[in-house]
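Numbering (my numbering), first residue to last: -3 to 406.
Data block below; observations after.
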């Protein structure tokens, strides 16, 4: 049965007391519990009704034993990727994993040797750095370049010249696509240039595409692996076994179920797949449980209409938030996202160092955002704002910021 979404994203849902990191972790994270939390990347919206109903039905069975993934789960993922991204994935390519962050660490550990070079492109999701350093690999940074074309036109680009120079000393590149925190959805031409560099230097690319379903109308996500496979078909001797792209996907961001902790790696290369599975086995990690299996499959089977409604709502919230910033917060610029529910706020005109900037948001504006500095080089002077909340919540937060800026004349 397909559920047509009638969900009101304007609904205010109390999350305090649910062991929510975003809400119940405020005192630990910000030193006070009265900030409006707009930091960790989960949304304040109820998950699709189809998911909650399926979880309730499973909870009605009183035995919660060890679980295995049914073939129908893999079929749901395959069908979703084909329908949503025109990407035909084979069943044997899919490995289930306990989340995208563990997957980053897992792939780096399984496919690179100690002291191997691994490229990341900051400012980027902080676990990209620790996935490299945790495994005693050599971190190589290729910072993104901010192109300033005026308010609402600024965007980030990959520094391909520097990337080409860096790749010769690297074994792997961690790609964030769409990119967190800057909201870029990489174009087909950019991804093809990336593939050319990977082929030139025999570089493995792990593409974190967890935000790939959360793309606005002005952009289109291109799966890097799909592009590579299409290019390979045109070669003189096509084979999947030389395919160097590994993709991390999950319904967690798309359908707001990250706490259930199930993701997948799509690995066309058989040798890579065997190495990753072997490493996963040695870790003794339990991947599945009775609830994440149900949610994973139902999300991809029945969540499509809900996602369409969500993206329309987020687009409207994003437009109104950016208009408010442009009109009322002249000392703050914003990088309009092509994907994700994250706003990347350029606060450099406030002339505050990163500690002072974070204190200002917490103490004066009473807002709990993610400091740009945690995303590495190029994040200094920025703040990441999660707008995956009722629009009234987002606009109230921006009003708090307006009042704080006016009061302090920063």
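For each residue, glycine too, the CB sits at the ideal point set by N, CA and C.
Out of 198, 244, 187, 208, point me to the one whose CA is closest to residue 224's CA.
Reading the chain shown from its first residue, position 228 is the one you call residue 224. When each option's Cα is compared against that of residue 224, the closest is 187.
Identify whether residue 390 lies in helix, strand or coil by the three-state DSSP scheme.
Your numbering for residue 390 matches position 394 in the chain shown. In the structure shown, residue 390 sits in a helix (DSSP, three-state: H, G or I).
Judging by CA-CA distance, which residue of 384, 398, 390 is the nearest neighbour of residue 41?
Looking up residue 41 in the chain shown gives position 45. Of 384, 398, 390, the residue nearest in Cα terms is 384.
For a test of the three-state rule: what should DSSP assign to residue 70, helix, strand or coil?
Within the chain shown, residue 70 is the residue found at index 74, counting from 1. Here residue 70 sits in helix by DSSP.
Tell me the rounded alpha-carbon separation between residue 50 and residue 286.
The sequence position of residue 50 within the chain shown is 54, counting from 1. The sequence position of residue 286 within the chain shown is 290, counting from 1. Whole-angstrom Cα-Cα distance: 11 Å.
Across the segment 187 to 201 and the segment 285 to 302, are there enough close Cβ pairs to call them in contact, namely three or more that are closer than 8 Å?
Segment contact: the segment 187 to 201 against the segment 285 to 302, fewer than three CB-CB distances shorter than 8 Å; contact not assigned.
Return the chain-ordered list of same chain residues with a C-beta closer than 8 Å to the C-beta of residue 345, the five sequence neighbours on each side being excluded.
Start at 1 with the first residue of the chain shown, and residue 345 comes out as number 349. Taken in chain order, the residues that qualify are 327, 328, 329.
So, does the segment 268 to 285 touch the segment 120 to 134, judging by three or more C-beta pairs under 8 Å?
no
Determine, using beta-carbon pairs with one atom in the segment 390 to 402 and one in the segment 310 to 317, whether at least three such pairs fall under 8 Å.
yes
Using C-beta distances below 6 Å, list every residue in its chain close to residue 6, excluding the 5 sequence neighbours before and after it, in chain order.
Taking the chain shown and counting its residues from 1, the one referred to as residue 6 is at position 10. Once the five neighbours on either side are set aside, the close Cβ partners of residue 6 are 386.
Does the Cβ of residue 9 have 16 or more other Cβ atoms within 10 Å, making it buried, or fewer, making it exposed?
Residue mapping note: residue 9 aligns to position 13 of the chain shown, counting from 1. Classification for residue 9: exposed.
The alpha helix (DSSP H) with residue 314 in it runs from where to where?
Taking the chain shown and counting its residues from 1, the one referred to as residue 314 is at position 318. Note, residue 314: alpha helix (DSSP H), 300 to 324.
I'd like the list of long-range same chain contacts for residue 73, defined as Cβ closer than 7 Å, with 5 residues on each side in sequence excluded.
By one-based count along the chain shown, residue 73 stands at place 77. Here the set comprises 90, 260, 296.
Is the Cβ-Cβ distance between residue 211 and residue 181 less than 8 Å?
Residue mapping note: residue 211 aligns to position 215 of the chain shown, counting from 1. Residue mapping note: residue 181 aligns to position 185 of the chain shown, counting from 1. Annotated as proximal: residue 211 and residue 181, with beta-carbon spacing under 8 Å.
Quick check: the Cα distance between residue 367 and residue 84, rounded to an integer number of angstroms?
The residue labelled residue 367 in the question sits at position 371 within the chain shown. The residue labelled residue 84 in the question sits at position 88 within the chain shown. Going by C-alpha positions, residue 367 is about 38 Å away from residue 84.
Beta-carbon within less than 8 Å of residue 14's beta-carbon, same chain only, minus the 5 sequence neighbours each way: which residues are those?
Locating residue 14 in the chain shown gives position 18, where the first residue counts as 1. Contacts found: 20.
Take residue 269 as the anchor and find which of 36, 59, 102 has the nearest alpha-carbon.
On the chain shown, residue 269 is found 273 positions in, with the first residue counted as 1. From the listed residues 36, 59, 102, the smallest Cα separation to residue 269 is found for 102.
Where does residue 83 sit, in a helix, a strand or coil, going by DSSP?
For this step, residue 83 is matched to residue 87 along the chain shown. Three-state DSSP puts residue 83 in coil, outside helix and strand.
What runs of the beta strand (DSSP E), each 3 residues or longer, lie entirely inside the segment 200 to 283?
200 to 204, 241 to 245, 259 to 262
Check whether the segment 297 to 308 and the segment 129 to 136 are in contact - that is, three or more C-beta pairs closer than 8 Å.
no
Leaving out five residues on either side along the sequence, give the residues of the same chain with a beta carbon under 8 Å from the beta carbon of residue 166.
Reading the chain shown from its first residue, position 170 is the one you call residue 166. Closer than 8 Å at the Cβ level, and outside the excluded window around residue 166, lie 112, 113, 114, 115, 136, 197, 199.
Could you name the residues of the same chain whose beta carbon sits closer than 8 Å to that of residue 214, not counting the 5 residues immediately before and after it, in chain order?
Counting from one through the chain shown, the residue named residue 214 turns up at place 218. Answer for residue 214: 334, listed in chain order.
Could you check where the beta strand (DSSP E) with residue 153 kicks off and where it finishes?
As a first step, residue 153 is located in the chain shown; it is residue number 157 there, counting from the start. Its beta strand (DSSP E) spans residues 151 to 153.
Can you tell me where the beta strand (DSSP E) with residue 49 in it begins and where it stops?
On the chain shown, position 53 is the one that residue 49 refers to. Bounds of any beta strand (DSSP E) do not take in residue 49; it lies within the alpha helix (DSSP H) bounded by 45 to 55.
Alpha carbon to alpha carbon, what distance is there between residue 320 and residue 396?
On the chain shown, position 400 is the one that residue 396 refers to. On the chain shown, position 324 is the one that residue 320 refers to. Going from the Cα of residue 396 to the Cα of residue 320 covers about 12 Å.
On a CA-only basis, which of 39, 92, 372 is nearest residue 306? Give me that one, please.
Within the chain shown, residue 306 is the residue found at index 310, counting from 1. Answer by Cα proximity: 39.
Between which residues of its own chain and residue 0 is the CB-CB distance below 7 Å, once the five residues before and five after are set aside?
Counting from 1 along the chain shown, the entry for residue 0 is found at position 4. Confidence at residue 0 is low in this model, with a pLDDT of 41, below 50, so the placement of that residue should be treated as unreliable; the coordinate-derived value is given next. Correct list, in chain order: 301.
Leaving out five residues before and five after residue 246 in sequence, what residues of the same chain have Cβ atoms less than 6 Å from its Cβ?
Position 250 of the chain shown, counted from the start, is the residue given in the question as residue 246. The residues are 96, 206, 259.
Could you have a look at residue 1 and say whether DSSP puts it in helix, strand or coil?
Indexing the chain shown from 1 puts residue 1 at position 5. At residue 1 the pLDDT is 46, less than 50, meaning the model places this residue with poor confidence and gives no usable figure here.
Please check the pair residue 204 and residue 171, which I expect to be a contact at CB under 8 Å, by giving their CB distance rounded to whole angstroms.
For the purposes of this step, residue 204 is taken as the residue at position 208 of the chain shown. For the purposes of this step, residue 171 is taken as the residue at position 175 of the chain shown. Confirmed, Cβ separation roughly 7 Å.
Looking at residue 363 and residue 34, is the spacing between their C-beta atoms short of 8 Å?
Residue numbering aside, residue 34 sits at position 38 when the chain shown is read from its first letter. Residue numbering aside, residue 363 sits at position 367 when the chain shown is read from its first letter. Cβ distance < 8 Å, so residue 34 and residue 363 count as in contact.
Is the Cβ-Cβ distance between residue 374 and residue 139 less than 8 Å?
Looking up residue 374 in the chain shown gives position 378. Looking up residue 139 in the chain shown gives position 143. Taking 8 Å as the Cβ cut-off, residue 374 and residue 139 qualify as a contacting pair.
What ranges does the beta strand (DSSP E) occupy inside the segment 112 to 171, keeping only unbroken runs of at least 3 residues that lie completely in it?
Taking only runs of at least 3 residues, the beta strand (DSSP E) segments lying wholly in the segment 112 to 171 are 113 to 116, 134 to 137, 141 to 143, 151 to 153.
Starting from the C-beta of residue 76, find all residues in its chain whose C-beta is less than 7 Å away, skip the five residues before and the five after it, and write them out in chain order.
Translated into positions along the chain shown, residue 76 becomes position 80. Excluding positions up to five away in sequence, the list reads 296.
Quick one: what's got a C-beta closer than 6 Å to residue 218's C-beta in the same chain, skipping five residues either side?
By one-based count along the chain shown, residue 218 stands at place 222. Around residue 218: 184, 187.
Quick check on the burial criterion: 16 or more other C-beta atoms within 10 angstroms. Buried or exposed for residue 62?
Here residue 62 is taken as the residue at index 66 of the chain shown, counted from 1. Residue burial is scored here from C-beta neighbours: residue 62 has fewer than 16 other C-beta atoms within 10 angstroms and is therefore classed as exposed.
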